[in-house]
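S.K.: Each residue of the sequence shown is one higher than the one before, counting from 1 in our numbering.
Don't be surprised by glycine CBs; every beta carbon is placed ideally from N, CA and C.
Take a look at this one; I'll ask things after.
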Amino acid sequence: MQEQACQSTLGVLYCVATPIGNLADISHRALDVLGRVAVIAAEDTRHTGRLLAHFAISRPLLSFHEHNEAQRSPMLLARLEAGESIALVSDAGTPLISDPGFRLVREARLRGLPVSPIPGACSIIAALSVAGLPTDRFVFEGFLPARPSARQRYLQGLRSEPRTLIFLESSHRIGAALYDLVAVFGATRMATLARELTKRYETVRLDTLTGLASWVVAQAERERGEFVLVVAGASAELQPQHAASLAPEMALGVLLEELPVKQAARLVARLTGAPRNELYRLALKQRH
Numbered sequence: 001m002q003e004q005a006c007q008s009t010l011g012v013l014y015c016v017a018t019p020i021g022n023l024a025d026i027s028h029r030a031l032d033v034l035g036r037v038a039v040i041a042a043e044d045t046r047h048t049g050r051l052l053a054h055f056a057i058s059r060p061l062l063s064f065h066e067h068n069e070a071q072r073s074p075m076l077l078a079r080l081e082a083g084e085s086i087a088l089v090s091d092a093g094t095p096l097i098s099d100p101g102f103r104l105v106r107e108a109r110l111r112g113l114p115v116s117p118i119p120g121a122c123s124i125i126a127a128l129s130v131a132g133l134p135t136d137r138f139v140f141e142g143f144l145p146a147r148p149s150a151r152q153r154y155l156q157g158l159r160s161e162p163r164t165l166i167f168l169e170s171s172h173r174i175g176a177a178l179y180d181l182v183a184v185f186g187a188t189r190m191a192t193l194a195r196e197l198t199k200r201y202e203t204v205r206l207d208t209l210t211g212l213a214s215w216v217v218a219q220a221e222r223e224r225g226e227f228v229l230v231v232a233g234a235s236a237e238l239q240p241q242h243a244a245s246l247a248p249e250m251a252l253g254v255l256l257e258e259l260p261v262k263q264a265a266r267l268v269a270r271l272t273g274a275p276r277n278e279l280y281r282l283a284l285k286q287r288h
């Protein structure tokens, strides 16, 4: 293993955390580093350019993302070896957390180049801190697979995980992902949905997975934004394989508290893939 070098002739690779929403969350140290490095390697130069402009920082920007990391890394490493310091930033939050940069940092370490973290905002830690679920042991699983069959297989491998689970999810898949979690983990597993953290429409909701799935699809605006999903670990008392069969009925029960029968049936059909006519009949029975 390589220890961090201390030679003053080498540049430093700074991994700089930037805000996940509220610009006031950036640290004084981060602003100082961004203002004095030779270049800022940014996932999206336009996005980072707006951040720098807000704080009146003018430094050269270089695009650095998953599609060009392999090509750009040798040049950045050469600049570090020549004594230039570089800041690595992602679009939001802490670099390398579901973002590019791992190969660059690893190679810098192997070459004995200094790599220094400039800590700050991180969406997964922010969500965990307010989730109301156990925080002593947790695992971060990133984004779930996009295809339903692959997502369900992936979740099957996590069904018995005892630690708190943290996922990221996109706005156009959050409803389907929650239903698959219900089907695999069980209707009564507790979870917290954190949406648009630190932003104007920040929402943090603790409920069962069924409750969250029903709540999300009840209004279209609830499916918009950036999501972190924190799910309780497996419990010996839970039996997901049996609870899953109750999910459509439970989802209908939750939605019928706020919506007409036809709309509730349509939304549950969208989540589960079950026939809308059957769900409509079931909803009528529950209503009466």
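#1: Just how far apart, CA to CA, sit Q71 and D207?
#2: Can you name, in chain order, every residue of its own chain whose Cβ lies under 7 Å from the Cβ of Q241, other than the five neighbours on each side?
#3: So what does L13 bridge to, in DSSP terms?
#4: Measuring CB to CB, does A17 end up less than 7 Å from G120?
#5: For R266 and L252, what's the separation of their Cα atoms in angstroms?
#6: Measuring CB atoms only, is the segment 177 to 188 touching the segment 103 to 113, in the sense that at least three cross pairs come out at less than 8 Å?
#7: To which residues does DSSP link F140 through a beta bridge?
#8: Within the chosen definition, does the segment 218 to 232 reach the segment 186 to 203 through at least 3 CB pairs nearer than 8 Å?
#9: For Y201, count neighbouring C-beta atoms within 10 Å of its own C-beta (all shown protein chains included) and say buried if the count is 16 or more, exposed if not.
#10: At the level of alpha carbons, what is the spacing between I26 and A127?
#11: Could you check what DSSP says for L238 in three-state terms: helix, strand or coil?
#12: Where do the N-terminal and C-terminal ends of the alpha helix (DSSP H) with F102 fall, by residue?
#13: Excluding the 5 residues flanking S171 on each side, which residues of the same chain have their C-beta closer than 8 Å to its C-beta?
M.R.: On the basis of the data shown:
#1: So the alpha carbons of these two residues sit roughly 45 Å apart.
#2: With a pLDDT of only 45 at Q241, under the threshold of 50, the placement of this residue in the model should not be trusted; the figure read from the coordinates follows. Within the same chain, no Cβ atom closer than 7 Å to the Cβ of Q241 is found once the five residues on either side in sequence are excluded.
#3: According to DSSP, L13 bridges with I86, V115.
#4: Taking 7 Å as the Cβ cut-off, A17 and G120 qualify as a contacting pair.
#5: When rounded, the distance between both Cα atoms is 10 Å.
#6: Inter-segment contact for the segment 177 to 188 and the segment 103 to 113 is absent: fewer than three beta-carbon pairs are separated by less than 8 Å.
#7: Bridge pairing for F140: I166 [DSSP].
#8: A contact exists between the segment 218 to 232 and the segment 186 to 203.
#9: Looking at its Cβ environment, which holds fewer than 16 other Cβ atoms inside 10 Å, Y201 is exposed.
#10: Distance between the alpha carbons of I26 and A127 is about 17 Å.
#11: Per-residue confidence for L238 stands at a pLDDT of 45, beneath the threshold of 50, marking its modelled position as unreliable; the derived number appears in the next sentence. If DSSP states are grouped into helix, strand and coil, L238 belongs with coil.
#12: Unbroken alpha helix (DSSP H) run through F102: 102 to 110.
#13: Correct list, in chain order: E223, R224, G225, E226, F227.
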